[in-house]
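Using my numbering, the letters of the sequence shown correspond one by one to residues 43 to 305. Yeah, the Cβ is synthetic: ideal placement off N, Cα and C, and Gly gets one too. From a predicted model like this one, the values you see are computed outputs, not experimental measurements.
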Amino acid sequence: MVAKAHVGLVDSHAHIQGAEFAGDIEGVVERARAAGVEKIIVVGGAGDLSSNEAAIALAHSFPGLYATVGMHPHDAKGVSDEDLKRLNELTRDPKVVAIGETGLDFYYDHSPRQVQIELFCRFIRMARETRLPLVVHNRDAHREVSEIVRREGQGDLRGVIHCFTGDYEAAREFLDLGFYLSFTGIITFKNADSLRDVVRKLPLDRILVETDSPYLAPVPHRGKRNEPAFVRLVAETMAKVKGIPLEEVAQATTQNTQALFRI
Numbered sequence: 043m044v045a046k047a048h049v050g051l052v053d054s055h056a057h058i059q060g061a062e063f064a065g066d067i068e069g070v071v072e073r074a075r076a077a078g079v080e081k082i083i084v085v086g087g088a089g090d091l092s093s094n095e096a097a098i099a100l101a102h103s104f105p106g107l108y109a110t111v112g113m114h115p116h117d118a119k120g121v122s123d124e125d126l127k128r129l130n131e132l133t134r135d136p137k138v139v140a141i142g143e144t145g146l147d148f149y150y151d152h153s154p155r156q157v158q159i160e161l162f163c164r165f166i167r168m169a170r171e172t173r174l175p176l177v178v179h180n181r182d183a184h185r186e187v188s189e190i191v192r193r194e195g196q197g198d199l200r201g202v203i204h205c206f207t208g209d210y211e212a213a214r215e216f217l218d219l220g221f222y223l224s225f226t227g228i229i230t231f232k233n234a235d236s237l238r239d240v241v242r243k244l245p246l247d248r249i250l251v252e253t254d255s256p257y258l259a260p261v262p263h264r265g266k267r268n269e270p271a272f273v274r275l276v277a278e279t280m281a282k283v284k285g286i287p288l289e290e291v292a293q294a295t296t297q298n299t300q301a302l303f304r305i
């Protein structure tokens, strides 16, 4: 087997602190390193407070890993004032580099929309107060997310729209708000021509790559457990779409991620 050339990537969004990776986390990190992934942002906020605490613990366990703290919009209805107080306390940990994942999910509506909106606004305020960037989940809620970011951010908010799947007009709107856009293995899917066209048009200095592990594994691993090593496949597809070398994509997306999260 021929070793892959080292390129220096960052997986800007991965949920590798959960049960899907229990007993395999050292292997996950080793395979990521072998694929050229130097840093991983372990995203908290799935389920309850424990996912945030686990993300931080994992970030302290391996060099090059960092954590975010937040609550996914699916779980907004269960978030208490005490939870938010605890999350605010967790932002003081030196391994915490962002607030999130937070945002709106109007596709599944697991939590009432107004509850999602109220929590999203509170996390934006937390991001501004802590001067940390925001990791935004946006599904079927583009208009609402952009309006809230514009109103609540008051021009003083940095962040990324993770797993971006919108059209070029939506992309430009978020870029105009000062946000980065992050792309997953979806850009490798056969039916994602329109999304690849968006990638082709976007400036390289505003793009990140991510896996969203354990979800959205890129081709040829689609349907299997995703992991940070596979972010290389996302970057390779991005390079092909843009007609530039993989090394150029790796350098730009790594610089972008490091600038956003200040790592």
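Tell me the rounded alpha-carbon separation between residue i and residue j.
| i | j | result |
| --- | --- | --- |
| Cys163 | Glu215 | 19 angstroms |
| Thr253 | Tyr222 | 16 angstroms |
| Pro154 | Pro115 | 9 angstroms |
| Gln156 | Pro245 | 34 angstroms |
| Ser54 | Glu171 | 23 angstroms |
| Ala88 | Gly285 | 36 angstroms |
| Thr299 | Lys119 | 31 angstroms |
| His263 | Ala212 | 29 angstroms |
| Gly69 | Arg75 | 10 angstroms |
| Arg312 | Glu124 | The first residue shown for the chain is 43 and the last is 305, placing residue 312 beyond what the model contains. |
| Ser188 | Thr207 | 14 angstroms |
| Glu62 | Pro256 | 7 angstroms |
| Ser224 | Glu143 | 13 angstroms |
| Met43 | Lys266 | Here Met43 scores only 41 on pLDDT, less than 50, and its place in the model is too uncertain to base an answer on. |
| Asp90 | His57 | 13 angstroms |
| Glu289 | Ala281 | 8 angstroms |
| Asp66 | Pro105 | 17 angstroms |
By Cβ distance below 8 angstroms, which residues in the same chain neighbour residue i in space, the five residues on each side in sequence not counted?
| i | result |
| --- | --- |
| Ala292 | Val49, Gly50, Leu51, Gly78 and Ala277 |
| Gln59 | Val84, Gly86, Ser93, Ala96, Ala97, Ala99 and Leu100 |
| Thr230 | Pro260, Val261, Arg264, Leu275, Val276 and Thr279 |
Please classify residue i as buried or exposed, where buried requires at least 16 other C-beta atoms within 10 Å of its C-beta.
| i | result |
| --- | --- |
| Asp209 | exposed |
| Tyr149 | exposed |
| Lys127 | exposed |
| Arg185 | exposed |
| Ile159 | buried |
| Asn268 | buried |
| Ser122 | exposed |
| Ala64 | exposed |
| Ser103 | exposed |
| His152 | exposed |
| Glu131 | exposed |
| Ala294 | buried |
| Ala301 | exposed |
Looking at C-alpha atoms only, which residue of the options is the closest neighbour of residue i?
| i | options | result |
| --- | --- | --- |
| Arg72 | Leu302, Pro270, Tyr257 and Asn180 | According to the sequence provided, residue 72 is Glu. The question's Arg does not apply to it. The candidate whose alpha carbon is nearest that of Glu72 is Pro270. |
| Lys81 | Tyr108, Asp90, Glu68 and His102 | Tyr108 |
| Asp135 | Pro256, Ile190 and Thr110 | Thr110 |
| Asp218 | Phe165, Val191, Ala294 and Glu131 | Val191 |
| Phe303 | Glu131, Lys137, Pro105 and Asp117 | Lys137 |
| Val202 | Ala294, Glu290, Ala140 and Ile228 | Ala140 |
| His179 | Thr133, Asp117 and Leu91 | Asp117 |
| Thr133 | Ala281, Arg248 and Phe165 | Phe165 |
| Gln297 | Arg248, Leu288 and Pro287 | Arg248 |
Confirm the yes/no value for this check: CB of residue i, any heavy atom of the ligand SAM, distance under 8 angstroms.
| i | result |
| --- | --- |
| Tyr150 | This structure lacks the ligand SAM, and indeed carries no ligand of any kind. |
What residues in its chain sit with their C-beta under 6 angstroms from that of residue i, if we drop five residues either side in the sequence?
| i | result |
| --- | --- |
| Arg200 | Pro175 |
| Arg181 | Asp147 and Tyr149 |
| Leu129 | Val111 |
| Ala234 | Ile228 |
| Met113 | Gly87 and Val121 |
Going along the chain, which residues of its own chain have a beta-carbon closer than 7 angstroms to the beta-carbon of residue i, five neighbours each way excluded?
| i | result |
| --- | --- |
| Thr226 | Cys205, Glu252, Thr253, Asp254, Leu258 and Val276 |
| Val273 | Leu51, Asp53, Val79, Val251, Glu252 and Thr253 |
| Arg242 | Val283 and Lys284 |
| Gly145 | Pro115, Phe162, Val178, His179, Asn180 and Val187 |
Counting Cβ pairs, one atom from each stretch, are 3 or more of them under 8 angstroms apart for the stretch 227-241 and the stretch 189-196?
No: fewer than three Cβ pairs fall under 8 angstroms.
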